[in-house]
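Single-structure report; data block below.
Have a look at this one:
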């Protein structure tokens, strides 16, 4: 019996080697088809930064939005956006969404969006933006619709600026609807 076992083991050795070679070949073939992922660390003044140690900026609103005087046909809402972070924030978008209801039913809810682009904002700097209230488009069926239009502002609405704190990017104000 032991003689047969030796023959069987000796006969299986070339098959085992072929299986190992086949498996290695498959691994090499699949490895060649996989993209090579590289992490590129940005250089600032020749210093390499790890992703978790990057200095990030912080954009937020300085105070609440204010309804400012405009003409009889046009109202404006002013917001102050500031960069409280330690580095310059590159181009970003500030978005306002106007929400109201024409009637009391939820299906009459209306929404408009407007954006403004801020070129860049240095550390510690702030900028003032004014958004025109599109009163000619905001109407309600009095007394059933919303008496006010809600304006929700979002700084860096498209998420292009890496910030140390992302949950302080919104502000809102509610103003009366002029057109009934």
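Numbering (this note's numbering), first residue to last: 656 to 835.
Every residue gets a Cβ at the ideal spot worked out from N, C-alpha and C, and that includes glycine.
For residue i, three-class secondary structure by DSSP
i: residue 763; result: helix
i: residue 770; result: strand
i: residue 728; result: coil
i: residue 831; result: strand
i: residue 757; result: coil
i: residue 752; result: strand
Residue environment, residue i, which counts as buried when at least 16 other CB atoms sit within 10 Å
i: residue 818; result: buried
i: residue 715; result: buried
i: residue 720; result: buried
i: residue 732; result: buried
i: residue 693; result: Low confidence applies to residue 693: its pLDDT is 39, below 50, so where it sits in the model is not reliable, and the reading given next is rough at best. With fewer than 16 Cβ atoms within 10 Å of its Cβ, residue 693 is classed as exposed.
Closest residue to residue i among the options (Cα-Cα distance)
i: residue 779; options: 828, 720, 741, 750; result: 741
i: residue 854; options: 718, 799, 814; result: Since the first and last residues shown for the chain are 656 and 835, residue 854 lies out of range.
i: residue 770; options: 729, 820, 829, 809; result: 809
i: residue 737; options: 774, 756, 722, 765; result: 774
i: residue 746; options: 730, 782, 763, 733; result: 782
i: residue 610; options: 823, 723, 811; result: Given a span of 656 to 835 for the chain in the structure shown, any question on residue 610 remains unanswerable.
i: residue 730; options: 807, 739, 785, 777; result: 785
i: residue 713; options: 831, 832, 823; result: 823
i: residue 797; options: 768, 833, 765; result: 833
i: residue 756; options: 820, 794, 814, 788; result: 794
i: residue 728; options: 752, 790, 749; result: 790
i: residue 739; options: 821, 827, 829; result: 821
Unbroken beta strand (DSSP E) run spanning residue i, endpoints
i: residue 717; result: Element bounds for residue 717: n/a, residue is neither H nor E.
i: residue 746; result: Neither: residue 746 is in no beta strand (DSSP E) and is coded neither H nor E.
Ranges of the beta strand (DSSP E) found wholly within the segment 773–824, counting only runs of at least 3: You should have 781–788, 803–810.
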